[in-house]
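Notes to accompany the following structure.
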Amino acid sequence: MKNEKLMGKDLINIGIFSAIYFIIIFAIAMLGYIPIFMPLICVIGPLIGGIPFMLFLTKVKKFGMILIMSLIMGILMLLTGMGYYSIIVGAISGFIAEMIYKSGKYQSAGKAVLTHGVFSIWMWGNFIPLFTNSEKYFSTRQDFGQEYIDALTSLLPPWMFPTLLAACFVCGIIGGLIGKSVMKKHFIKAGIV
Amino acid sequence: MRANVLQATVEKRGLVFDPRTKLLLLIAMTTFVLGGAGQKSGFGGIVFSAISVILCFLPFLLLLAAKRRKAALRYAILYLAMYVIFIFVTPQTRGILNFFILGTSGIITRFMPSILLGFYVVSSTTVSEFTAAMQKMHISEKIIIPLSVMFRFFPTVGDEFRCINQAMRMRGIVFGGKNMSKMLEYRLVPLLSCSVKIGEELSAAALTRGLGGTVKRTNVCEIGFHMQDWVVFLLCATAYFMLILSKFGVL
Numbered sequence: 038m039k040n041e042k043l044m045g046k047d048l049i050n051i052g053i054f055s056a057i058y059f060i061i062i063f064a065i066a067m068l069g070y071i072p073i074f075m076p077l078i079c080v081i082g083p084l085i086g087g088i089p090f091m092l093f094l095t096k097v098k099k100f101g102m103i104l105i106m107s108l109i110m111g112i113l114m115l116l117t118g119m120g121y122y123s124i125i126v127g128a129i130s131g132f133i134a135e136m137i138y139k140s141g142k143y144q145s146a147g148k149a150v151l152t153h154g155v156f157s158i159w160m161w162g163n164f165i166p167l168f169t170n171s172e173k174y175f176s177t178r179q180d181f182g183q184e185y186i187d188a189l190t191s192l193l194p195p196w197m198f199p200t201l202l203a204a205c206f207v208c209g210i211i212g213g214l215i216g217k218s219v220m221k222k223h224f225i226k227a228g229i230v
Numbered sequence: 039m040r041a042n043v044l045q046a047t048v049e050k051r052g053l054v055f056d057p058r059t060k061l062l063l064l065i066a067m068t069t070f071v072l073g074g075a076g077q078k079s080g081f082g083g084i085v086f087s088a089i090s091v092i093l094c095f096l097p098f099l100l101l102l103a104a105k106r107r108k109a110a111l112r113y114a115i116l117y118l119a120m121y122v123i124f125i126f127v128t129p130q131t132r133g134i135l136n137f138f139i140l141g142t143s144g145i146i147t148r149f150m151p152s153i154l155l156g157f158y159v160v161s162s163t164t165v166s167e168f169t170a171a172m173q174k175m176h177i178s179e180k181i182i183i184p185l186s187v188m189f190r191f192f193p194t195v196g197d198e199f200r201c202i203n204q205a206m207r208m209r210g211i212v213f214g215g216k217n218m219s220k221m222l223e224y225r226l227v228p229l230l231s232c233s234v235k236i237g238e239e240l241s242a243a244a245l246t247r248g249l250g251g252t253v254k255r256t257n258v259c260e261i262g263f264h265m266q267d268w269v270v271f272l273l274c275a276t277a278y279f280m281l282i283l284s285k286f287g288v289l
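Written out as structure tokens, the structure is:
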């Protein structure tokens, strides 16, 4: 380990992959205004997000890169009006993900898949206000109509709270596997990785 | 190549705001318009609806001030139309039609202002202004650099995606085309590989500007609070003050 500090190049890589990752997640989150897709964000998001994230992991060689990306996602969620919960959740899950990937010396492919599973948990942070403070959450969404609120309430009973967490993790792992196979199919051959 | 609408240029920008003011305004917008914070009834209800009306009107003014008349006008017309539908048409309808109309107009009236403000912030702030503002707020370099790269990178991703989309449409990989199953893969993979390339170029460009160095970087970009910043700042402060008052049950 000759250079442990994060250099400009690493930070730029974080920026680029965060941008791509955020655009993908944002596009998926837009679907959430159709009630049935709201809980499915936790499924589709990690599945597709795995592709850019696994490519990102091949660029990660130093401590802190996953944590920073996780924090940036939280900050962007705050700016787009999803509340501050994802910063807290993102900080914790990002740190754990970082530790997992570090334990594989930043190159173990199996650990990379697990890392994406843990990393994906930040998305769950966006759902916290829906469960802990659902009355207030829905009072701010009156404009969408009572039908929308009813549909959403019936889709998200309390037991969905831990289920969504599990969904994020499991789909994160599946997404990681998808990302790995896409990488093998395209990027390694092209010499990008 | 067509000129990029999202990239800020220093020439002919009209009224300039400090990036910190824009950030504050963006947060206020997401709390009050997008998040719908505040009371809904009584005197407090009137105060908060006044605040959100003012906030919704602001992107229009800001875009005008930044000399983007077309975008401002388009926003005003669409917003007003949706608002009229929301107020007058929805009470008349029932059932599934109501669900549909209420959903569309409610979502658009709620999201449009924030999206437009976001568009304004990104399109009117240069990367060095943004970096200077973040440095003044004493945020770690480790957050500033990725964030500023992101802001610089969003328009690029948009451009690349448009080009890839055109190429794929030519090959019939679109919705309703014969190769629909490949849609996602055939868009993401080229996007990722060209992003990696661009990333390498960006790093090289940044190195020549001394980003990897050990000394503290300086910034020639002048930012500071002016008259217009104080007006916006006062507005946001009032809104948050009202929110705190209503939390304690004063309003």
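Heads up: the protein sequence lines correspond to chains P and F, in order.
First residue of the first sequence: 38, per this note's numbering; consecutive thereafter.
First residue of the second sequence: 39, per this note's numbering; consecutive thereafter.
By construction, the Cβ of each residue, glycine as well, lies at the ideal position given by its N, Cα and C atoms.
Beta-carbon spacing of F191(F), V160(F) below 8 Å = no
So is M265(F) buried or exposed if we call it buried at 16+ other beta carbons inside 10 Å?
-> Answer is exposed; the Cβ neighbour count stays below 16.
Can you list the residues of chain P that M188(F) reaches, using a CB-CB cut of under 7 Å?
-> G52, S55 and A56
Which residues, in chain order, does the segment 87–99 of chain P contribute to contact with chain F at a C-beta distance below 7 Å?
-> Within the segment 87–99 of chain P, the residues whose Cβ lies closer than 7 Å to some Cβ of chain F are I88, P89 and L92, listed in chain order.
As assigned by DSSP and simplified to three states, the class of F149(F) | helix
Chain F residues whose Cβ lies nearer than 8 Å to that of H223(P) = Correct list: V227 and S231.
Closest Cα partner of I109(P) within the set V85(F), E238(F) and S186(F) | S186(F)
Kindly say whether V165(F), judged by its beta-carbon, lies nearer than 8 Å to any beta-carbon of chain P.
-> no
Test: A227(P) CB closer than 8 Å to a CB of chain F | Closer than 8 Å to some Cβ of chain F, the Cβ of A227(P) qualifies, so yes.
Alpha-carbon to alpha-carbon, G262(F) and M172(F) = 12 Å
Exposed or buried, which one is P57(F) when buried takes at least 16 other CB atoms within 10 Å?
-> buried
Please confirm if I65(F) has its CB atom under 8 Å from at least one CB of chain P.
-> yes
In whole angstroms, what separates the C-alpha of G141(F) from that of F286(F)?
-> Each residue's Cα considered, the two are about 33 Å apart.
Compute the Euclidean distance between the alpha carbons of I200(P) and E167(F), then round it to the nearest angstrom.
-> Reading off the sequence shown, one finds Thr at residue 200(P), where the question assumed Ile. If you take the alpha carbons of T200(P) and E167(F), they lie about 43 Å apart.
Straight-line CA distance for F271(F) to L62(F)?
-> 8 Å
Could you tell me the distance, in whole angstroms, from the CA atom of I74(P) to the CA atom of I105(P)?
-> Here residue 74(P) turns out to be Phe, not Ile, going by the sequence shown. Roughly 28 Å separates the two Cα atoms.
Under three-state DSSP, which class holds E172(P)?
-> helix
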